[in-house]
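Take a look at the structure set out below.
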Amino acid sequence: MNYPVWYLPSIGGGFLIALIAVTHVFVSHFAVGGGLYLVFSEKKGLRENNPGILAFTKRHAKFFLLLTMVYGSITGVGIWFIVALVNPGGISLLIHNFVFGWATEWVFFLLEIAAAFVYFYTFGKMDDKTHVTIGWIYFISAWISLFLITGIVDVMLTPGAWAVHRNFWAGFFNPSFVPSVFFRTFIATMLAGAYGYLTASFTEDTAVKESMTRFSGKWTLVSLILAIPSGLWYVAVLPAHAHRLVAGQSPTIATALHWGFWAVAGLMAITLIAGIAKPSWNLKPVAMAAFVCAFLIVGSFEWTREASRRPFVINKVMYSNQILKRDVPALREKGFLNSARWVQIRKLTAENRMAAGKELFINQCYACHTIGGFNNSIIARAKSMSYTALAAYIEKIHKMRYFMPPFAGTPDEAKALAAFVAGKLNGKEIKEQRPAPDGTGSGKSLYEENCSGCHELSDLKEKTAGWEQIKIRAALDKLNKLAEGMPPYEGTPAEKDRLSVFLYSLNHGSPAEISVPDGKTVYETHCSPCHEVSGLAEKTADWDRAKIRAALDKLNELEDAMPPMKGTVQEKEALASYLNSLKGGRK
Amino acid sequence: MNGQLIPTPDTIPVAWGWFQFLLLLTFPIHLLFMNAMMGSAGIAAFQHFKGGEANRKLAHFLAVFLPLLIAFTVNFGVAPLLFAQVLYGQFIYTSSILMGVFWILIIPILILAYFGAYLYDFRFEKLGKTGGWIISIVFVLFIIIAYFFTNNMLMMTLPDTFSAYFRHMNGTLLVSGHATFLPRYFHMIVGAIAVGGLYTALIGRLKAKSDPKLAAYAEAVGMKVFNSFTLISIVFGIWFLISQPKPVMMLFMSKNVLATAIFIPALILVPLMLVFSFRKKVIATTVVLTVLVFLMTFMRAFVRAGYLAKYFNLGRLKMVPEYSPMILFFVSLAGGLVVLVWMIRKAWQALQA
Chain Y
447 MNYPVWYLPS IGGGFLIALI AVTHVFVSHF AVGGGLYLVF SEKKGLRENN
497 PGILAFTKRH AKFFLLLTMV YGSITGVGIW FIVALVNPGG ISLLIHNFVF
547 GWATEWVFFL LEIAAAFVYF YTFGKMDDKT HVTIGWIYFI SAWISLFLIT
597 GIVDVMLTPG AWAVHRNFWA GFFNPSFVPS VFFRTFIATM LAGAYGYLTA
647 SFTEDTAVKE SMTRFSGKWT LVSLILAIPS GLWYVAVLPA HAHRLVAGQS
697 PTIATALHWG FWAVAGLMAI TLIAGIAKPS WNLKPVAMAA FVCAFLIVGS
747 FEWTREASRR PFVINKVMYS NQILKRDVPA LREKGFLNSA RWVQIRKLTA
797 ENRMAAGKEL FINQCYACHT IGGFNNSIIA RAKSMSYTAL AAYIEKIHKM
847 RYFMPPFAGT PDEAKALAAF VAGKLNGKEI KEQRPAPDGT GSGKSLYEEN
897 CSGCHELSDL KEKTAGWEQI KIRAALDKLN KLAEGMPPYE GTPAEKDRLS
947 VFLYSLNHGS PAEISVPDGK TVYETHCSPC HEVSGLAEKT ADWDRAKIRA
997 ALDKLNELED AMPPMKGTVQ EKEALASYLN SLKGGRK
Chain P
610 MNGQLIPTPD TIPVAWGWFQ FLLLLTFPIH LLFMNAMMGS AGIAAFQHFK
660 GGEANRKLAH FLAVFLPLLI AFTVNFGVAP LLFAQVLYGQ FIYTSSILMG
710 VFWILIIPIL ILAYFGAYLY DFRFEKLGKT GGWIISIVFV LFIIIAYFFT
760 NNMLMMTLPD TFSAYFRHMN GTLLVSGHAT FLPRYFHMIV GAIAVGGLYT
810 ALIGRLKAKS DPKLAAYAEA VGMKVFNSFT LISIVFGIWF LISQPKPVMM
860 LFMSKNVLAT AIFIPALILV PLMLVFSFRK KVIATTVVLT VLVFLMTFMR
910 AFVRAGYLAK YFNLGRLKMV PEYSPMILFF VSLAGGLVVL VWMIRKAWQA
960 LQA
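So the protein lines, in turn, are chains Y and P.
The first sequence begins at 447 in the numbering used here and counts up by one.
The second sequence begins at 610 in the numbering used here and counts up by one.
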């Protein structure tokens, strides 16, 4: 809201960041581990007095120069550029708070490139000891760069005390800093090993090939083994919400970790079997497979780290849409449009509602949602939601789905946003509906208001296939127990009845054809011969519906003379709702 | 324009003067590297097409150093851009977004140019005439990057143009039509080629012992380029000065004492530098040029402040003091420079041997 939004509706800023970041992270970690690999590889060549290994090292260094200096360093600048374009508020906060951290990193970047040039251009022309020292300077500089960037980047995930008083050191040495440095270091050496393994597969000299394959295999395997406990340590220090997301609440993280797991297993198997045990099996396709596994491990980690931060860009401080957490209450009260800088409409009217809704979309949703793009399109996400359902959903979006930022605006602004998404983008009718008095809202509208934000009709149809209506009804009482992260449904029993009928109808014809026992009729049939309505109301005045429902299964246990109820489960449910509705009438 | 569009800046950890000092210290170094890079690429392309043994040899000699110049241009560009973002983030981030498509294009263009430079160097003999085209493309790519940079650095000083965002939300706004754009751009490009010439003469001296003919030729070509392009650059510089809005121009004509105190010695140094350069005093020319680049950078800071004066001055930045990280930086910088000098000495000794 402080900065303009670079608006490419069908592409999305997140995609552009990912495009540059994924490969940069891969190359930059490789650049760190590769430095150490070069030093050890050169030392091995010198120790064994093996010109083949030294030639291998020099060839490796040349590639290293091209990949890390050209692609690695320029995409590093590229990440800075793209993040500043897509999330200027976030980067500005990090740049201003940690400017001397970045500046110190720049010093080591300077040393890193100088050392890389000296190392490559003096290979074979400098005395061995000094040359190896230059290699060490390269590696140490690159590792300190990793150390410094990790401190600043991890603030975004675990800001710790920095979130409160913004102290540089409290932020830098944040809760996930140490495990993250260990984890990234081992990932870096693992990548270097995987690349060494790949280079070895292209080596003609059989002796050198076998020697360097085994060397690279050991290197990769040891790195992987060390990366596992440090990765678990990293996960252990995550804040509760992030921890739950990583532990299975987020489907995309679960997918990423699934890929990561198999990539780790694959890389371990390859390095162990076709590296250490049988180096002659290091054929080009095998080495490529190992390299792809290494890439997937890094991708899986980065995806998990990024996704576990949601809905924040800086945890607990700034949401993904650059709105500060502390500003949300004021924005909900005073309105977003008259507080934001880069909007044209300041006052919402019936005439400008669509245009205002678009501005709200650009400023609050576009950070993650495209319009019709392949990446998280809002059109697809909201296609099953009516205007009223969407307006209601937007108001409680963060409560329903933790990883979405709360809507920062007034109820009228939420409606304007809903009108833009449902009306303009999805072509739905924009019609204000009065809030349904208890007992009159249709099951379909209840679905739209409460479920459609997360569940497509087809999904629910599939999920409830084979379920009796009563099972659906019972499920609506305990949604949060069905799946972790699913909020409980807060509708009235009568609304739950109607919603259950609607959901049941998805697999069993139209709702009108499904007979639902009427609680009042059930009372008249089964209870009225002995009990007055007022008597039952008095009896159950302090009972909740669950207790009433439970009692209907054991009437004979309540009183000796009372016969057990012979009605169906549906009838008992309906009766329980009816009796529950009597409460409050007695005064 | 209403000032409402200008974002609220974040707080800074130390007094703004430190950042201004660091910006003005590192930016001229970036400019010197950038000039050498762009100028030598242009000269290499010209020499390549001119043909003949001496010219091709000179082109190849320049090509060997080109990737190094790119790396150090980028590295020494990072520091001033960082400090500029701290001081003027609310303007720079905004103008970058307004021209987002072009701004991000700099990255793939630079990668392409960088690989092109390596290709030209590593495959010089094999490529033959194609190499001439490759280095020409590299040079053109540099000029395109400069075009985008000039746009952004000018646009950030023109908050009056910001409201055009609402007609260009996809990041395609440029300010090439502004009265000061062309003289500014040409002054930088032509100046860069001139400095590239001086760099050619200077770097040629590395071959003074092993290939004195090449060294002499590099000096002859380089100083010729420097002299001619400096004269053209002066013309653009004058155009650039008189194209400025009067309040900004008057800063250097006594309205601001410090700005005037920088402008006058700069005016005196220009003819002095030309005297040295026409007499082929390479080192003396280099010393005066370096001083001049620093002085011109200081003047540029006054121009920027003058453009923004209506909306902002650096004194308005709020500070939440935290000096200890700055000490970490200065200690690292001092240590880093010692290691850097040691490495360069060792490399020099190894390559000489």
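Idealized CB from N, CA, C, for every residue including glycine.
Around the C-beta of residue i, are 16 or more other C-beta atoms found within 10 angstroms, so that it is buried, or is it exposed?
| i | result |
| --- | --- |
| Y:H704 | exposed |
| Y:A398 | It is not possible to answer for residue 398 of chain Y, since the shown part of chain Y is limited to 447 through 1033. |
| Y:R772 | exposed |
| Y:T1014 | exposed |
| P:R954 | exposed |
| P:D769 | exposed |
| P:L840 | exposed |
| Y:M658 | buried |
| Y:P963 | buried |
| Y:S754 | buried |
| Y:K1033 | Note that Y:K1033 scores a pLDDT of 30, beneath 50, so its modelled location is shaky and nothing firm can be said. |
| Y:Y950 | buried |
| Y:A570 | In the sequence on display, residue 570 of chain Y carries Gly and not Ala. Exposed, since its Cβ has fewer than 16 Cβ neighbours within 10 Å. |
| Y:I671 | exposed |
| P:A824 | buried |
Could you list which residues in chain Y have their beta carbon closer than 7 Å to that of residue i, in chain order?
| i | result |
| --- | --- |
| P:P616 | N448, Y449, R787 |
| P:N779 | Y453, L454 |
| P:F938 | F546, A549, T550 |
| P:T703 | Y449, P450 |
| P:G709 | W452, L531 |
| P:Q613 | R787 |
| P:W712 | F527, L531 |
Below 8 Å on the Cβ atoms is my contact criterion, and I expect residue i with residue j to pass it. Report the Cβ-Cβ distance as a whole number of Å.
| i | j | result |
| --- | --- | --- |
| P:L923 | P:W712 | Contact flag wrong, Cβ pair sits at about 24 Å. |
| Y:R787 | Y:A854 | Y:R787 to Y:A854, Cβ: 14 Å. No contact. |
| Y:R484 | Y:F502 | Looking at the sequence itself, residue 484 of chain Y is Leu, so the reference to Arg does not match. With 8 Å as the limit, Y:L484 and Y:F502 do not qualify as a contact, their Cβ atoms being about 10 Å apart. |
Taking C-beta to C-beta, are residue i and residue j nearer than 8 Å?
| i | j | result |
| --- | --- | --- |
| Y:K907 | Y:N953 | yes |
| Y:I1063 | Y:S456 | What is shown of chain Y runs 447 to 1033, which leaves residue 1063 of chain Y out entirely. |
| Y:S982 | Y:L945 | Strictly speaking, residue 982 of chain Y in this sequence is Leu, with Ser absent from that position. No, they are not a contact pair. |
| Y:K1038 | Y:F566 | Because chain Y in this structure spans residues 447 to 1033, residue 1038 of chain Y falls outside the shown range and cannot be described. |
| Y:W587 | Y:E558 | It should be pointed out that residue 587 of chain Y corresponds to Ser in this sequence rather than to Trp. For Y:S587 and Y:E558, yes; Cβs fall inside 8 Å. |
| P:T869 | P:F636 | no |
| P:T682 | P:L807 | no |
| Y:K489 | Y:V578 | yes |
| Y:I466 | Y:I525 | yes |
| Y:G597 | Y:F619 | yes |
| P:L691 | Y:W679 | no |
| P:Y727 | Y:L512 | yes |
| Y:Y449 | P:T703 | yes |
| Y:G937 | Y:L1021 | no |
| Y:Y839 | Y:I876 | no |
Since residue i sits in a beta bridge, which residues does DSSP pair it with?
| i | result |
| --- | --- |
| Y:I760 | Y:M764 |
| P:T789 | BP columns for P:T789 are empty, so no partner. |
| P:I621 | P:M928 |
| Y:T816 | Y:S823 |
| Y:L770 | Y:M764 |
What in chain P is Cβ-close to residue i, meaning under 7 Å?
| i | result |
| --- | --- |
| Y:G524 | I716 |
Just the chain P side, please: which residues come within less than 9 Å of residue i by C-beta, in chain order?
| i | result |
| --- | --- |
| Y:V564 | M952, I953, K955, A956, A959 |
| Y:A813 | Within 9 Å Cβ-Cβ: nothing; Y:A813 doesn't reach chain P, min ~13 Å. |
| Y:P605 | None at all; the shortest Cβ gap to chain P is about 15 Å. |
What in chain Y is Cβ-close to residue i, meaning under 8 Å?
| i | result |
| --- | --- |
| P:E931 | N613, F614 |
| P:V683 | S519, I520, V523 |
| P:F775 | Q790 |
| P:V695 | I541, H542, V545 |
| P:V844 | Correct list: empty, because the minimum Cβ distance to chain Y is about 34 Å. |
Mind listing the chain Y neighbours of residue i? Cutoff is C-beta to C-beta under 9 Å, in chain order.
| i | result |
| --- | --- |
| P:M797 | By Cβ distance, chain Y contributes nothing, its closest Cβ being about 20 Å from P:M797, past 9 Å. |
| P:G725 | Going along chain Y, no residue has its Cβ under 9 Å from P:G725, so there is no contact; the nearest lies around 10 Å. |
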